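Notes for the one structure printed next.
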DNA sequence: GCATGTCAAGTTGTG
DNA sequence: CACAACTTGACATGC
């Protein structure tokens, strides 16, 4: 079992920069490309530092933040890597990240944000979503990430119809996206039970988020959900997600706490081969703490 | 320096 | 009906 860190560090001096479309659009094109080039290089440098820090801390997976190349897909201020003055240095840095990650078996993934909705009835939403997935796949190929994980999206009052739209879009995705895509149960709409038939049909891996499962239960117990989701990975190492509720289980359980409560770690995960992404505000400190708490029982 | 408002994008649930 | 939540802060601006 390996544990994964999501996007950011708390104590380590590793940071990622971003910018906004508004700022870039107020600049001359060349000036904007200079600015974004500096940010992309900074982020590529820090991504290498991130996987090195993960390796040093015994963390076996890292989720890369989506805006590694900020606003790359924006219709007005978007750009290609080769447009950036420092493109070559940036590529070199990403290759180094890939080489380091492969050498030390650090698994890399992406989790595009809520705007990626393949089940939407709106053509422009789906179109933007596919473009966003292509951007993630482009980065994934450069750094050697094997998973791009999204949610089912909205239900629009009819889950089967929404999932049918999802499936149709999936079948048209470019190969570099389709071979990396996974879908995760969420805390409001789609459960493991909802997603499983589509995942089996499409050969699409299902990520079991046990916190979402507890917020949005479907009758499966955690072991059943874990087993069924794991089978969709067809021999690849399954991913699962865990977090603890900030206000405890008696309050609103959805907001994430700083650390993982050991009691929230499913017993039936013990001894399994899988990647456990830790979604906790204390970031690498939370990952290290739960790894130590579970030490000897994995 | 530090506080504050803002930032592309979707959808759902809460007050 | 506005707004927070989602995986989540960081940047730009003005004092």
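In the numbering used here, the protein residues as written are 1106 to 1403. Note that the Cβ used here is the ideal one computed from N, Cα and C, for glycine as well. Nothing here was measured: the structure is a model prediction, and the numbers come from that model.
Between the beta-carbon of residue i and the beta-carbon of residue j, is there less than 9 Å?
i, j, result
"residue 1176", "residue 1125", "yes"
"residue 1361", "residue 1384", "yes"
"residue 1301", "residue 1333", "yes"
"residue 1148", "residue 1122", "yes"
"residue 1202", "residue 1274", "no"
"residue 1113", "residue 1156", "no"
"residue 1283", "residue 1321", "no"
"residue 1052", "residue 1198", "Nothing can be reported for residue 1052: it is not among the residues displayed for the chain, which extend from 1106 to 1403."
"residue 1233", "residue 1344", "no"
"residue 1119", "residue 1166", "no"
"residue 1336", "residue 1363", "no"
"residue 1261", "residue 1269", "no"
Determine the direct distance from the alpha carbon of residue j to that of residue i, and round the result to whole angstroms.
i, j, result
"residue 1341", "residue 1218", "24 Å"
"residue 1297", "residue 1264", "13 Å"
"residue 1230", "residue 1307", "22 Å"
"residue 1164", "residue 1108", "6 Å"
"residue 1154", "residue 1319", "35 Å"
"residue 1158", "residue 1314", "25 Å"
"residue 1290", "residue 1330", "10 Å"
"residue 1206", "residue 1395", "22 Å"
"residue 1370", "residue 1347", "7 Å"
"residue 1188", "residue 1144", "14 Å"
"residue 1136", "residue 1182", "12 Å"
"residue 1191", "residue 1216", "26 Å"
Provide the residue span of the beta strand (DSSP E) that contains residue i, from first to last.
i, result
"residue 1111", "1107 to 1111"
"residue 1227", "Taken as a continuous stretch (DSSP letters only), residue 1227 belongs to no beta strand (DSSP E), as it is neither H nor E."
"residue 1167", "1166 to 1169"
"residue 1212", "1212 to 1215"
"residue 1162", "That residue, residue 1162, is in no beta strand (DSSP E); its alpha helix (DSSP H) goes 1134 to 1162."
For the ligand GTP, is there any heavy atom lying closer than 8 Å to the beta carbon of residue i?
i, result
"residue 1288", "With respect to the ligand GTP, the structure offers nothing, as it holds no ligand at all."
For residue i, is the classification buried or exposed, using 16 other Cβ atoms within 10 angstroms of its Cβ as the cut-off for buried?
i, result
"residue 1226", "exposed"
"residue 1324", "exposed"
"residue 1374", "buried"
"residue 1442", "Any question about residue 1442 goes unanswered here, given that the chain covers just 1106 to 1403."
"residue 1258", "buried"
"residue 1209", "exposed"
"residue 1326", "exposed"
"residue 1311", "buried"
"residue 1179", "exposed"
"residue 1117", "buried"
Ends of the alpha helix (DSSP H) at residue i?
i, result
"residue 1205", "1192 to 1208"
"residue 1117", "Where residue 1117 is concerned, there is no enclosing alpha helix (DSSP H), given that its DSSP letter is neither H nor E."
"residue 1287", "Looking at the DSSP string, residue 1287 is not in any alpha helix (DSSP H); the run it does join, the beta strand (DSSP E), is 1286 to 1289."
Could you tell me how far apart the beta carbons of residue i and residue j are, in whole angstroms, since I believe they sit closer than 8 Å?
i, j, result
"residue 1221", "residue 1278", "In fact, because the Cβ distance is near 12 Å, the residues do not count as touching under 8 Å."
"residue 1115", "residue 1387", "6 Å"
"residue 1173", "residue 1244", "6 Å"
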